[in-house]
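Note sheet for the following structure.
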Amino acid sequence: MDDNLSMVELLKKFDHIFSKMGLFSSRPKIEEDRTEFFEWNIPIPREEIKKHSISTVFEQNHERFIAYVNRRSGALFIYCCSALQWHYDESFNLQIEIRPGEFKCKKKCRIKTVASFTKKTPFVAIYMDVKNIVYYAIKIKLPVSYPYSRKDKFLGFRNSGSTCYMSSVLQVLFHIGAFRQLIYSFKEPKEAPAALQNLFVQLQIATRALSLDNFIRTLGSVTEMSSAQQDAHEFFTALMERLENDLGEPFSDGIKHLFEVKLQKRIIQDINDSNEENIPKSESNASNQENQIDRESKIDRESKIDRESKIDNKGGSKLKRKKSRSLNNSHNTKILSHLNSITNISNLTNNISNNISNITNNISNIKNNITSNIANNIASITNKGNTENNTPIDDDDEYLRNKKVSERIETFLTLPIVVDGIKSLNDSLKMMLEQEPLPDYEGGPAIQETKFVQMPPILILQLCRYKYSVETNSVIELTSPFNCPHKTEIGGCKYNLFAVVTHCGSPTFGHYLSFVKVGMNKKWVAFDDSNVSVIPKSEVTHSFEGGSSRFRTLTFGSPRAYLVFYVREDCGHLITATESIPLYLAPHKTNKYYSYFIFYDQIKGSEVNQQHPPIEWEDPSMTIYGIARNLRPDNKLVAVSAWAMLPGKSQFIGPLSLDQPAAGFVVLGLPTEFFLLPGELDNGPIFVATHKPPRVYVDVCLQQNLPRSDSFECRYKLMKLPKELPQGGYVIFTPNSPQALNISGFKFQFPRKATYSFVQTKLAVVLNESPEKLIILNNQQPLKQIKFPYVNSFPHGNLTYQILSGNATACSISLYTAVSFVFISNFTVRKKSNPIWLKKGATCADIMTNAIKGIPEISSIDRMKLQCSKGTETAILKVLPNLYTPRKEPIRIDLIRYEVPPNKWRLRTLLSEAAPMSIEVRLTKSTEMEKFEGISRLISINKTSTMREIITKMERLNELHFDGRAVSYLFASHKVKLQQKIETDENLYQILSEFMNKITVPKMRVCIALIIDENTMNSKPQAGFIRHSLSGIISSPRRNTEGDTDSTLMTNP
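Here is the structure:
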């Protein structure tokens, strides 16, 4: 193979020589693709080249970078703008090619290198002659396995069971740019809005389909909300209600200005037809007002649907809403007849009064109390669609001269549209708005008129496709075609179709998907859970016509439109709002500049890596002086210079004039630290920090003013002070006293320059072990040698050690995890001071195997086995199967003879077979059973066992004497209120059989509680005995004080 390659190279050389000699015609050269390179022309004349130049943001393989030239240090820096999204332990090797001067420069002038980028050091520095170069061609190739390159423009949601109703609505809301920015505008919101913010951010920056589980947990139970189909419209209304409650009035105003429709309804009645001729004039006026209110209330009662009797759409939605905005109001009595078939109308309200004045007052209050800036911006656009008129319904005064007019305003976030028996949207709206006679109206015949008085930027229509069937006594779906045009005019405003949420299936099961018109090209995109595809316009039309579609899923049939979203023609920019993400949500995606500004008086006493609040600005011409004066208006900044620490501590540039634009030293997506220091430090400030962690700045001075010392620390290594220190570096002056360490009770004195391996050697002599097998632990976490190479870098406090089966290396330590456990048997209670180190992913069976090695006496006991549980000495929270993998939780290991039934079904089986078993017994002083005293035990029982035998065993094991004063109860492990008293000589199997029928949750275990008095409890010496511990049934176990967990727990006689 090597011979073939060398022959090819030889032929190429001959071809090159012969072509130069003209013996053969040279082959045509293939032009390189210049689009793969970022070509940076520095727009500065040669004679005026600045010391620093920064490029614009450029993309390479869907990732953002910035180039920076520092002519003072003679280096070209390349920064990755998105490094903040990486994990701290990730590292990526990037292939970089640079062509300085010109694109077709000589090959020997081209630079090709591979650089490692991390979150801490997101840059590469390439040193070259950069003084007179004003052109660079840069090409960066990411590794094939790079996980953060987003190739797909749009992402979907993974279905967690039956969550399609949720994902279809969220996709539409996300693509309404104004709604997304409204959600982003709230800083540090409550749990549910914060989860929605994170979900929207991930839709913008993630690389693969997302899960809704974390978002669902903030709303309720994942199991309940994803196990059965819910209604998409109910989810929308419930979500808006939850966000209103959590975010308050600014959000409420925002969605009203975005979505709210206002309908005006008037009842017009001829005064001459009313029976008021014989009433005195003064009394007539008062009675007119009363009658008008009564009649309005009457109409209100007749037209409103009872909210309490609203049918759960699709038979089983669990989402509740205090006030519904969809089918709660009718448009006229004709539509009422259709709505009666959709919704059960049962108990009409009887005590409605002053409704009109209350609604009017609420509307005026909403208009006068808008506090959100985003809501105000949207409001200015909404007013264009406001057709409300304070004049009578007709300008013809003659028409209303002898008429009595009563009116009310109805508001909707989603406007219900009647579908039953109607073929199109225009026909349904026409029926909604046409005049309707009311011959049986109280006081005489009347006419009802309806019109739109305010049209929103985003109009949401709910097609009422579900109605109650008396014949089948169930909810049925209307599948008839219902045409909604792509362009229409409603309420005097022109609208364009923007999105459709569709449903296919039946009211009780089926599937949701959404069609959204997105992007600059206005393409229709179908979001079908995690599947996202571009579709033709005809597929959207099919959802209204009910024709065949390529979206037929199993037996669900073709999708039919259910929620329809229109955008007003003059409000298209609300859909295509800015794609930027606020700094506090995703700093690496922000389009603004942000940095930390640190004043001289803030440095002393602050920690070395302390995070200061970031400052963001948008204007690239804003100077350092302008930003600093905005932060401290009273500070005149006299004789002050600025120093810039670029990301990754790559460059410390200064002194800078305060008149320079700050953006010239900021990498978009990464923070720069600006230090505002006195002019006397212009020759190069040095930061002085303390020698004990956490490092704290004690001074900032010039090198010649540093305190006297023979040595300083560099990366925890003691070395002599060099003649010249780098600007912006920090030094740590250390005392010459030795370092004291306490490792598992062994006290050592080490020189401060002692290494990690030296500590291993000294500890190995004491333990008579190989030094390579020893690792040092702090809070059960290993101190890796690469991070703690010297003794003076070790954390202060009590350290422990662990002996591994093999040599301790950085790789082997990262593959192991620490598991803490307590061992309980009939003869001992042993709480391990050092954890068991197991490979990650180890099961309970592996834990028990290693526990036997740590407790040799277990192997000498015949016919006994180990039971692994989650819990402490005080109580068992959950009995774990052998294949369970613990995750940083306390493990309890009990020595038992017979099996512990972990749930109701296994208990039933053992009782039916009359097989022996083990049961947990706890001591308590209260029938509330929330607090337990002492150590719980797993006691063996059989078909002849009585409570007297249990009490005898507990007296012997715990060295207590109950003297017949103990009271026994059976209770459920996770429902302590479910109790049953046990008499002393009752058969336990018979009582367990009766009690088992009361258990409703199969996962519950049955436990026994022994209630004794306080004097009996206090008579026990403190050997293997813990007091006043919360069991963990309701919450996590409470850690005991130091006195409760000392060496007295190691043995129990």
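At position 931 of the sequence shown the residue is numbered 931 (the UniProt record's numbering), and the sequence of numbers has no breaks.
For every residue, glycine included, the Cβ atom is placed at its ideal position computed from N, Cα and C.
Where does residue i fall in DSSP's three states?
i	result
Y146	coil
H796	coil
F103	coil
K840	coil
M1004	coil
D846	helix
C484	coil
C464	strand
Y584	coil
C109	helix
F652	strand
S424	strand
V740	Note that residue 740 is Ala in the sequence shown, not Val. In this structure, A740 counts as strand in the three-state DSSP scheme.
Y593	strand
N987	strand
Y884	coil
Would you check if the distance between the CB atom of residue i and the CB atom of residue j is smaller than 8 Å?
i	j	result
V534	K523	yes
H62	R180	no
P902	V879	yes
T578	G177	yes
T817	L838	yes
Q264	V453	yes
V567	I575	yes
residue 1093	I111	The requested residue 1093 is not part of the displayed model; the chain covers only 1 to 1053.
V700	L677	yes
Tell me, please, which residues DSSP counts as bridged to residue i.
i	result
R937	V921
N41	Y135
K50	The partner list for K50 (beta bridge, DSSP) is empty, contrary to what the question assumes.
H511	C504
W524	K517 and I535
N93	S116
V130	Answer is none; V130 lacks a bridge partner.
Give the straight-line distance between the Cα atoms of residue i and residue j, rounded to the nearest whole angstrom.
i	j	result
P445	K403	12 Å
S936	L866	16 Å
S185	D246	14 Å
H511	C164	6 Å
A561	R158	22 Å
D300	E260	Only weak support is given to the placement of D300: the predicted model assigns it a pLDDT of 43, under 50, and the value that follows is read from those uncertain coordinates. C-alpha separation (whole angstroms): 20 Å.
N313	Q202	Reliability of the predicted coordinates at N313 is poor, the pLDDT of 38 falling under 50, and the value obtained from them is presented with this limitation in mind. Approximately 31 Å, taken between the alpha carbons.
I824	R830	6 Å
S145	S116	14 Å
Q651	M645	6 Å
V518	G654	47 Å
M225	K430	38 Å
P795	P122	28 Å
A526	P886	41 Å
M128	Y148	31 Å
I66	V638	33 Å
P881	K537	55 Å
S227	S162	6 Å
I98	R64	17 Å
Which residue's Cα is closest to the Cα of residue i: the options?
i	options	result
M240	F746, V169, L199 and P633	V169
L478	C484, K592 and Y468	Y468
G220	L461, R242, L210 and L676	R242
C844	T874, Q802 and I891	I891
I96	T885, V114 and K108	V114
H486	I941, P437, R465 and E545	E545
P726	I686, F123, V500 and N496	I686
S820	Q780, G728, P614 and P795	Q780
A1009	I950, A75 and V1001	I950
residue 1094	A972, Q660 and N792	No answer is possible for residue 1094: it lies beyond the span of the chain, which begins at 1 and ends at 1053.
Please decide whether residue i counts as near chain D, where near means a Cβ-Cβ distance under 8 Å.
i	result
P143	Note that chain D does not occur in the displayed structure, where there is just one protein chain.
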